[in-house]
Amino acid sequence: MQKKWWHGKTAYQIYPKSFFDTNGDGIGDLRGVISKLDYLQELGIEIVWLSPVYCSPLADQGYDISDYYDIDPRFGTMADMEELISEGRKRGISIVMDLVVNHCSDEHVWFQKACADPDGPYGQYFYIRDWHEGERLPCNWRSYFGGPVWDLLPGHTDKVYFHAFHKKQPDLNWENPLLRREIYRMINWWLDKGLGGFRIDAIINIKKLLPFCDLPADRDDGLCSIKTMLARTDGVNVFLREMAEETFHRYDAFSVGEVFNEKTEDLPLIIGDDGYFSSMFDFSEHLIGMDARGWYAWTQPTAEEYKRAAFTAQKRSAGVGFFSNIIENHDEPRGVSHYLPQGERSEAAKKMIGGLNFMLRGLPFLYQGQEIGMENMDRWELSQFDDINTLDEYKVALRAGLSHEEAIAAISPYSRDNARTPFQWDGTENAGFTTGIPWLPVNPNYRTVNLLQQRGRDDSVYEFYRSLISLRKNAAYAETVVYGETEPYCCGQRNLMAYFRRGERCLLVAGNFQKEVQDMPMPGPMKKLLLNNMDKLELKEKALRLEGWQFVVMEI
Ligand code: GLC
Ligand code: CA
């Protein structure tokens with residue numbers, strides 16, 4: 141495997157709307173990000189992925205872009221963005237933006253021109269089909285946010301357009317070479333500004349199964365999941381190869397794909413030495429417990445499932461490339477709430493789940509607030525939710541026969557709002573995020589869970605993440621932590637997740653994924669203890685006694 145400039149780094153995702161607000165309007169902004177660059181540097185971060193800050197009606201919080209060449213005034217100005225890139229560079233931090241090109245906003249000028257003249261050139265930028273009242277739609281696929289993927293084209297009664305996500309997110313027609321050229325031009329325009337690269341949103345969806353056709357319905361709404369379509373379509377590789385060659389590869393830019401449902405045999409094409417992307421997120425732990433019927437039917441992952449998913453992913457990527465490893469992002473619940481049982485979210489347990497993930501082979505991505513152990517927020521009223529996906533899943537749950545209370549209780553743990561509550565900087569009002577009214581309420585636990593309370597406290601979650609990151613950069617261990625092979629250890633021992641990282645040195649990473657004590661046989665003498673989330677270490681001759689939720693990294 142070729143070595144790349146970004147391999148040894150640690151990345152961090154910022155959800156700008158909820159990071160830090162500098163002008164009191166309750167919305168985080170780019171000046172807020174700039175003002176926290178020193179903080180990110182102190183933590184050890186070298187790549188920052190910014191969720192979208194382009195002009196947008198924010199129907200899907202910026203994942204609906206109305207102008208790719210400008211910054212939404214709520215987030216700041218282009219001058220702020222340029223300053224962020226250059227201030228980042230001074231601190232050794234590359235800024236990566238979100239590239240949302242499966243769709244744009246219905247307020248983008250391309251779509252407006254397409255509505256005004258569907259037969260003109262911009263009509264070809266989208267998927268528009270004739271349709272008359274009473275007829276079947278061009279296909280029966282279900283949009284990710286509910287309902288059919290087709291809606292009436294604004295201003296017309298005899299035409300529909302395709303949207304895989306919300307109806308304010310019309311899909312772009314990648315079959316059209318003119319559209320593709322526009323996209324590449326835009327990507328290079330940003331890379332010319334000195335951007336480090338992109339996180340590529342929902343990219344697997346750009347290739348549709350054409351001509352549109354009905355597929356077997358999988359719910360009683362008569363519709364079929366888009367995932368079925370993706371499994372039957374081919375050819376996304378052609379678009380992705382072209383995009384990489386026309387853009388990222390010319391700049392040696394970093395790119396990380398939001399790739400779901402990829403075909404295993406395609407992995408080398410995606411993240412191999414000459415892959416289209418530098419890396420892609422490993423979502424296999426996140427996929428545990430999902431159910432096609434809807435969120436109401438999802439279940440929490442167990443320790444054994446987590447371990448199996450992680451090891452399978454490590455095996456898949458071994459010798460191929462780097463997955464990007466996460467326990468959470470802006471679409472997922474907080475990792476500590478999702479992977480740890482209720483009542484067990486102590487600082488020690490939070491460090492364990494973070495450490496087990498961080499030490500895997502690949503590129504670690506932290507999501508804002510993860511480094512202080514931010515948690516899901518309890519909600520019990522529909523009005524407390526903002527996320528369009530959650531509002532749809534509430535309806536799905538009701539249709540399945542759940543009562544209002546049951547539906548809220550079932551969907552709340554998976555709501556995307558959990559990860560989107562403002563960053564908890566300190567214990568003052570609104571957690572120090574804003575002097576105004578936050579756009580989404582702060583998690584009430586901010587008085588105990590906040591950065592100020594943890595910074596400089598040796599046994600805090602925050603200081604633990606700093607140690608993880610510095611181990612990754614430590615001259616003696618970096619080669620092993622970054623490139624060492626992952627080899628599961630004692631895999632059959634229940635609720636123990638342990639693995640070797642074998643490179644120039646040999647590290648043993650172990651986490652006791654339960655509240656009860658358990659002994660792990662020692663594979664050999666310990667040379668050095670590198671990390672421990674507890675004060676004590678009970679090393680017997682042939683076994684290590686692990687306290688509940690204990691996590692250690694040792695050289696052996
Ligand atoms: C990705 C984003 C998500 C967004 C969707 C549509 O999954 O991460 O937040 O809603 O794409 O752009
Ligand atoms: Ca603001």
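The number in our numbering is simply the position in the sequence shown, starting from 1, with 140 added. Where a beta carbon is used, it is the ideal one built from N, C-alpha and C, also for glycine.
*Stretch-stretch touch, CB-based, cutoff 8 Å, three pairs: the region 576-589 with the region 548-567*: Yes, the region 576-589 is in contact with the region 548-567.
*Pull up the distance between the alpha-carbon of ILE437 and that of PHE640, whole angstroms please.*
Residue numbering aside, residue 437 sits at position 297 when the sequence shown is read from its first letter. Residue numbering aside, residue 640 sits at position 500 when the sequence shown is read from its first letter. This sequence places Ala at residue 437; Ile is not what is there. ALA437 and PHE640 have their C-alpha atoms spaced approximately 35 Å apart.
*Helix, strand or coil for LEU239 per DSSP?*
Start at 1 with the first residue of the sequence shown, and residue 239 comes out as number 99. The DSSP-derived three-state label of LEU239 is strand.
*Do THR561 and ligand 2 come close, with the Cβ less than 7 Å from some heavy atom?*
Here residue 561 is taken as the residue at index 421 of the sequence shown, counted from 1. No, ligand 2 has no heavy atom inside 7 Å of this Cβ.
*Beta bridge counterpart(s) of GLU186 as assigned by DSSP*: Numbered from its first residue, the sequence shown carries residue 186 at position 46. Looking at the DSSP assignment, GLU186 forms no beta bridge with any residue, so it has no partner.
*Any chance you could list the beta strand (DSSP E) runs of at least 3 consecutive residues sitting entirely within the region 246-276, in chain order?*
Fully enclosed beta strand (DSSP E) runs of 3 or longer: 268-270.
*Rounded to the nearest angstrom, how far is the Cβ of TYR152 from that of PHE505, given a contact under 8 Å?*
Along the sequence shown, read from residue 1 onward, the residue named residue 152 stands at position 12. Along the sequence shown, read from residue 1 onward, the residue named residue 505 stands at position 365. Their Cβ separation, rounded to whole angstroms, is 7 Å, which keeps TYR152 and PHE505 in contact under 8 Å.
_Cβ-based neighbour list, ALA254, same chain, cut-off 7 Å, excluding 5 preceding and 5 following_ = Start at 1 with the first residue of the sequence shown, and residue 254 comes out as number 114. Correct list, in chain order: TYR262, GLY263, TYR265, PHE266 and ILE268.
_Whole-angstrom distance between LYS403 and HIS389, CA atom to CA atom_ = Indexing the sequence shown from 1 puts residue 389 at position 249. Indexing the sequence shown from 1 puts residue 403 at position 263. In a straight line, the C-alpha of HIS389 is about 23 Å away from that of LYS403.
*Under 8 Å between the Cβ atoms of VAL460 and PHE421?*
As a working note, residue 460 is residue 320 in the sequence shown. As a working note, residue 421 is residue 281 in the sequence shown. With respect to PHE421, VAL460 sits apart: the two C-beta atoms are not nearer than 8 Å.
_Exposed unless 16 or more other CB atoms sit within 10 angstroms - verdict on VAL289_ = Residue numbering aside, residue 289 sits at position 149 when the sequence shown is read from its first letter. When all chains shown are included, VAL289 counts as buried.
*asked:* Does the region 273-289 come into contact with the region 339-356, if we say contact requires no fewer than three beta-carbon pairs (one atom in each stretch) closer than 8 Å?
replied: These segments touch.
_Chain-ordered list of residues that sit, by beta carbon, closer than 5 Å to a heavy atom of ligand 2_ = What you get when you keep residues with a C-beta closer than 5 Å to any heavy atom of ligand 2 is ASP161, ASN163, ASP165, ILE167 and ASP169.
*asked:* Please report the straight-line C-alpha distance between LEU335 and ASP392, rounded to a whole angstrom.
replied: Here residue 335 refers to the residue found at position 195 when the sequence shown is read from its first residue. Here residue 392 refers to the residue found at position 252 when the sequence shown is read from its first residue. The alpha-carbon atoms of LEU335 and ASP392 are separated by roughly 11 Å.
*Buried or exposed (CB count within 10 angstroms, at least 16 for buried), ASN673*: Your numbering for residue 673 matches position 533 in the sequence shown. It is buried - the Cβ of ASN673 has at least 16 other Cβ atoms within 10 Å.
*Same chain, Cβ closer than 7 Å to ARG381, five either side skipped, listed in chain order*: Within the sequence shown, numbered from 1, the residue matching residue 381 stands at position 241. Shown here for ARG381: same chain residues with a beta carbon closer than 7 Å to its own, the five before and five after excluded, namely TYR416 in chain order.
*Looking at the structure shown, is PHE505 part of a helix, part of a strand, or coil, going by DSSP?*
As a first step, residue 505 is located in the sequence shown; it is residue number 365 there, counting from the start. Strand at PHE505.
*Can you list, in chain order, the stretches of the beta strand (DSSP E) that have 3 or more residues and sit fully within the region 608-695?*
The region 608-695 contains these whole beta strand (DSSP E) runs: 625-629, 636-642, 646-652, 658-661, 668-672, 683-686 and 691-695.
*asked:* Within 10 Å of its beta-carbon, does ASN345 have 16 or more other beta-carbons around it, so buried, or fewer, so exposed?
replied: As a first step, residue 345 is located in the sequence shown; it is residue number 205 there, counting from the start. A residue is called buried once 16 or more other Cβ atoms fall within 10 Å of its Cβ, and ASN345 is buried on that count.
*Any residues whose CB sits closer than 5 Å to a heavy atom of ligand 1? List them in chain order?*
Qualifying residues come out as ASP200, TYR203, PHE305, ASP341, ALA342 and ASP471.
*Which whole-angstrom value is the C-beta distance of MET499 and VAL693, which I expect to be below 8 Å?*
As a working note, residue 499 is residue 359 in the sequence shown. As a working note, residue 693 is residue 553 in the sequence shown. Contact holds; Cβ gap of about 6 Å.
*May I ask you to report which of helix, strand or coil DSSP gives ASP291?*
Residue 291 sits at position 151 when you count from the first residue of the sequence shown. Shown here, ASP291 sits in a strand according to DSSP, grouped into three states.
*Under 8 Å between C-beta atoms of GLU695 and LYS667*: Residue numbering aside, residue 695 sits at position 555 when the sequence shown is read from its first letter. Residue numbering aside, residue 667 sits at position 527 when the sequence shown is read from its first letter. In terms of Cβ geometry, GLU695 and LYS667 form a close pair [threshold 8 Å].
_Inter-residue CB distance, ARG372 and LEU349 (contact presumed, cutoff 8 Å)_ = Here residue 372 is taken as the residue at index 232 of the sequence shown, counted from 1. Here residue 349 is taken as the residue at index 209 of the sequence shown, counted from 1. Right, the Cβ-Cβ distance comes to about 5 Å (below 8 Å), so this counts as a contact.
*Buried or exposed for ILE577, please, with buried defined as at least 16 other CB atoms from any protein chain shown within 10 angstroms of its CB.*
Mapped onto the sequence shown, residue 577 falls at position 437. The residue in question, ILE577, is exposed, as its Cβ has fewer than 16 Cβ neighbours within 10 Å.
*Taking SER464 as part of the alpha helix (DSSP H), name the residues at either end of that continuous run.*
Position 324 of the sequence shown, counting from 1, holds the residue named residue 464. Per DSSP, SER464 is not a residue of any alpha helix (DSSP H); the beta strand (DSSP E) it occupies stretches across 462-465.
_So the candidates are GLY168, THR150, ALA638 and TYR301; which of them puts its Cα closest to the Cα of GLY183?_
As a working note, residue 183 is residue 43 in the sequence shown. Per the sequence presented here, residue 183 reads as Leu, with Gly not at that position. The closest CA to that of LEU183, considering only GLY168, THR150, ALA638 and TYR301, is found on THR150.
*Indicate the three-state DSSP secondary structure (helix, strand or coil) for LEU312 in the structure shown.*
On the sequence shown, position 172 is the one that residue 312 refers to. The answer is strand: DSSP assigns LEU312 an E or B state.
*Beta carbon of SER196, beta carbon of ILE187: below 8 Å?*
Sequence index remark: in the sequence shown, residue 196 carries index 56 (1-based). Sequence index remark: in the sequence shown, residue 187 carries index 47 (1-based). No; because the gap between Cβ atoms is not below 8 Å, this pair is not in contact.
_Range of the contiguous beta strand (DSSP E) that encloses GLY337_ = Within the sequence shown, numbered from 1, the residue matching residue 337 stands at position 197. GLY337 -> beta strand (DSSP E) spans 337-340.
*How would you call GLU545, buried or exposed, if buried means at least 16 neighbouring beta carbons within 10 angstroms?*
Your numbering for residue 545 matches position 405 in the sequence shown. Classification of GLU545: exposed, given that the 10 Å Cβ count is below 16.
*Between the CA atoms of CYS364 and HIS248 - distance to the nearest angstrom*: Stepping through the sequence shown from its first residue, residue 248 is reached at position 108. Stepping through the sequence shown from its first residue, residue 364 is reached at position 224. Approximately 28 Å between the Cα atoms of the pair.
*Tell me whether ASP169 is buried or exposed, calling it buried when 16 or more other Cβ atoms sit within 10 Å of its Cβ.*
Within the sequence shown, the letter at position 29 stands for residue 169. Around the C-beta of ASP169, 16 or more other C-beta atoms lie within 10 Å, and the residue is accordingly described as buried.
_Restricting to runs no shorter than 4 residues, where is the alpha helix (DSSP H) found entirely within the region 403-466?_
Correct list: 407-411 and 443-457.
_Assuming PHE388 is part of the alpha helix (DSSP H), what are its boundary residues?_
Taking the first residue of the sequence shown as position 1, residue 388 is located at position 248. Run containing PHE388: 388-391, per the alpha helix (DSSP H) assignment.
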